[in-house]
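Residue numbers (my numbering): 3 to 431.
Glycine included, C-beta positions come from ideal geometry on N, C-alpha and C.
Before any comments, here is the structure.
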Amino acid sequence: MIHLTTTDPDFPTRFAALVNARREADADVSRDVAVIIARVRAEGDAALHALTAQFDGHDLDETGWRIDPAEWRAAYDGLAPELRDALDLAAARIRAYHARQRPEDASYQEAGIRLGARWRPVDAAGVYVPGGRAAYPSSVLMNALPAKVAGVERLVMVTPTPRGEVNPLVLAAAHVAGVDELWRVGGAQAIAALAFGTERIKPVDVITGPGNAWVAEAKRQLYGVVGIDMVAGPSEIVVVADGDNDPVLTAADLLSQAEHDPTSQSILFTDDAAFGAAVAAQVEAHLATLATQAVARASWEANGAIIVAPLAEVPPLVDALAPEHLQLAVAEPEALFDRVRHAGSVFLGRHTPEAIGDYVAGPNHVLPTGRRARFSSGLSVLDFMKRTSFLALERDGLAEIGPAAVALAEAEGLPAHARSVALRLNRRG
């Protein structure tokens with residue numbers, strides 16, 4: 003775990019190394035993924051059958067390719083009441099938040115010219131839900147509900163099922179979210195199936211959802227065949243906390259992301275060195291009691307950092323990191339928030355732990371990682387919609403702007419463009 007202070011002579015060099023550290027998996031999976039994609043495209047269901055047997059250890063013909071909606075409903079009905087209520091609450095809040103993101107069609111009129119744009123959902127979307135290290139019903143809700151709010155008519159979910167088994171919570175979340183199809187396939191082969199289609203699985207237009215390095219690489223390679231949300235990397239959290247915080251709470255906040263994966267990153271900025279030391283001690287205390295201790299400790303020791311800096315100097319340092327999650331646990335969080343330009347999602351105040359946003363708050367938890375918050379945003383309704391512009395000209399409108407179009411087309415050496423407009427300008431009636 004790294005300790006830094008902005009007054010250290012070597013701070014700029016060490017901080018730059020922290021910003022630029024590569025935390026993605028070391029294995030070069032690009033070639034393997036390309037082979038899998040080509041195989042699925044060529045062989046269809048036969049490739050899915052063989053690869054599922056190889057990686058998930060079961061025969062799809064025996065366990066079943068598609069999971070019936072009656073099983074989702076049964077899983078939902080079989081939940082403990084408090085867990086069922088929690089899923090319903092999360093779904094309601096996520097749905098309501100994303101409903102406010104729906105864009106409105108626009109149209110306006112000039113003299114003889116009408117312009118505007120209309121928004122429509124994609125026809126079909128695919129949602130990938132991991133089934134490896136842990137089961138994430140929250141990911142089902144965060145990916146599926148925005149698609150449904152957007153108006154997507156066919157929502158397909160794929161998930162790996164080791165030995166043919168699927169977590170009941172994932173099934174229950176699929177029921178709550180209104181998924182239309184659920185297939186027992188995962189990995190890069192599932193992404194390829196969604197992109198190209200197979201005998202059983204029809205192709206989709208957009209694929210979203212987290213996954214391992216193979217899934218992320220498959221999405222990267224298939225972007226353009228389908229739309230994707232993003233190529234996500236390891237989780238990140240930056241916590242900015244002054245000395246008036248409880249170090250027990252701050253340590254828990256840092257570990258909330260560290261327990262995801264050994265490559266996750268947790269960073270604390272504080273203006274109080276003694277508080278930073280207390281947080282480090284509490285991290286150790288928490289680790290001793292966590293069931294996820296091995297993963298969280300590996301993450302904290304390899305990628306954790308405590309940085310002592312005046313709060314006024316923190317925003318540009320945060321912007322350099324462009325973190326997935328930013329928690330501002332200070333007396334006046336809005337003042338700092340106003341100065342931050344790059345972050346996936348921001349959590350304001352001492353009573354707003356990032357973990358609440360992972361489940362029930364409403365904003366999406368699918369967020370840009372690896373400094374991509376500099377140029378991209380979290381998953382939203384817009385990822386499942388596309389905008390079509392439109393233009394309608396009356397004769398006087400064409401006369402108003404047509405000559406300029408002719409001049410520009412001729413300047414670009416495109417005479418057919420110019421003629422298409424000029425012929426109309428020169429016609430009467």
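Check: Is the beta carbon of VAL131 less than 8 Å from the beta carbon of VAL172?; Outcome: yes
Check: Helix, strand or coil for ILE69? Go by DSSP, reduced to three states.; Outcome: coil
Check: So what does ARG122 bridge to, in DSSP terms?; Outcome: LYS388
Check: In terms of DSSP beta bridges, what is HIS5 paired with?; Outcome: ILE308
Check: Would you identify the three-state DSSP class for LEU268, choosing helix, strand or coil?; Outcome: Note that residue 268 is Ser in the sequence shown here, rather than Leu. Three-state DSSP puts SER268 in a strand.
Check: Please go through the same chain and pick out, in chain order, the residues whose beta-carbon is closer than 6 Å to the beta-carbon of ALA243, but skip the five residues on each side of it.; Outcome: THR252, THR272, ALA331
Check: What distance in whole Å lies between the Cβ atoms of ILE230 and GLN259, which are believed to be in contact at a cut-off of 8 Å?; Outcome: Between ILE230 and GLN259 the Cβ distance is about 23 Å, and since that is not below 8 Å, they are no contact.
Check: Apart from the five residues on each side of it in sequence, which residues of its chain come closer than 8 Å, Cβ to Cβ, to GLY245?; Outcome: THR272, ASP273, ASP274, ALA276, PHE277
Check: For the segment 370-388 and the segment 340-355, state whether three or more C-beta atom pairs, one from each stretch, are separated by less than 8 Å.; Outcome: yes
Check: Please state the DSSP three-state secondary structure of ARG186.; Outcome: coil
Check: Cutting at 7 Å between CB atoms, please list the residues of its own chain near ALA311, excluding the five before and the five after it.; Outcome: THR8, PHE271, ASP273, LEU319
Check: Report the rounded CA-to-CA distance for ALA98 versus LEU89, giving the unit in angstroms.; Outcome: 14 Å
Check: Where does ALA186 land, buried or exposed, given buried means 16+ other C-beta within 10 angstroms?; Outcome: Note that residue 186 is Arg in the sequence shown, not Ala. Label assigned to ARG186: buried.
Check: Excluding sequence positions up to five away, which residues of its chain have a Cβ less than 7 Å from the Cβ of GLY153?; Outcome: PRO123
Check: Using CA coordinates, which residue listed in GLU303, ILE269, GLN267, ALA254 is at the minimum distance from THR291?; Outcome: ALA254
Check: Starting from ARG116, follow its DSSP beta bridges and name the residues at the other end.; Outcome: GLN111, ALA394
Check: Using a 10 Å radius around the Cβ and a threshold of 16 neighbouring Cβ atoms, would you call GLY415 buried or exposed?; Outcome: exposed
Check: Could you compute how far the alpha carbon of ALA421 sits from the alpha carbon of VAL408?; Outcome: Sequence inspection shows Arg at residue 421; the Ala mentioned does not correspond to that position. About 7 Å.
Check: Tell me which residue opens and which closes the alpha helix (DSSP H) that ARG281 is part of.; Outcome: The sequence as given places Val at residue 281; Arg does not occur at that position. Here the alpha helix (DSSP H) through VAL281 covers 275-289.
Check: Starting from the C-beta of ILE38, find all residues in its chain whose C-beta is less than 6 Å away, skip the five residues before and the five after it, and write them out in chain order.; Outcome: ALA190, GLN191
Check: Might you give, ordered along the chain, the residues of its own chain that have their beta carbon closer than 7 Å to the beta carbon of GLU303, omitting 5 neighbours on each side?; Outcome: MET3
Check: Apart from the five residues on each side of it in sequence, which residues of its chain come closer than 6 Å, Cβ to Cβ, to ALA77?; Outcome: PRO170, LEU173, ALA174
Check: Going by DSSP, name the residue or residues bridged to HIS327.; Outcome: ILE239, SER347
Check: Do you know whose CA, among PRO71, ALA82, THR54, lies nearest GLU64's CA?; Outcome: THR54
Check: Any heavy atom of the ligand FMN closer than 7 Å to the Cβ of ALA394?; Outcome: Ligands in the displayed structure: none, and consequently the ligand FMN is not present.
Check: Can you tell me where the alpha helix (DSSP H) with MET144 in it begins and where it stops?; Outcome: 139-152
Check: Do LEU20 and ALA279 have their C-beta atoms within less than 8 Å of each other?; Outcome: no
Check: Assuming ALA406 and LEU427 are in contact, meaning their beta carbons sit under 8 Å apart, how far apart are those beta carbons, in whole angstroms?; Outcome: 11 Å between Cβ atoms; not a contact.
Check: Tell me the rounded alpha-carbon separation between ALA300 and ASN214.; Outcome: 18 Å
Check: Quick one: Cα of GLU106 to Cα of ARG389, how far?; Outcome: 10 Å
Check: Give the straight-line distance between the Cα atoms of GLU219 and ILE193, rounded to the nearest whole angstrom.; Outcome: 10 Å
Check: Express the C-alpha separation of GLY399 and GLN223 in angstroms, rounding to a whole number.; Outcome: 44 Å
Check: May I ask you to list the residues that DSSP assigns as paired with LEU410?; Outcome: DSSP output for LEU410 lists no bridge partner at all.
Check: Let me know if TYR138 comes out buried or exposed under the rule of 16 or more other beta-carbons within 10 Å of its beta-carbon.; Outcome: buried
Check: Could you pull the start and end residues of the alpha helix (DSSP H) that THR15 belongs to?; Outcome: 13-22
Check: So, helix, strand or coil for VAL129, using DSSP?; Outcome: strand
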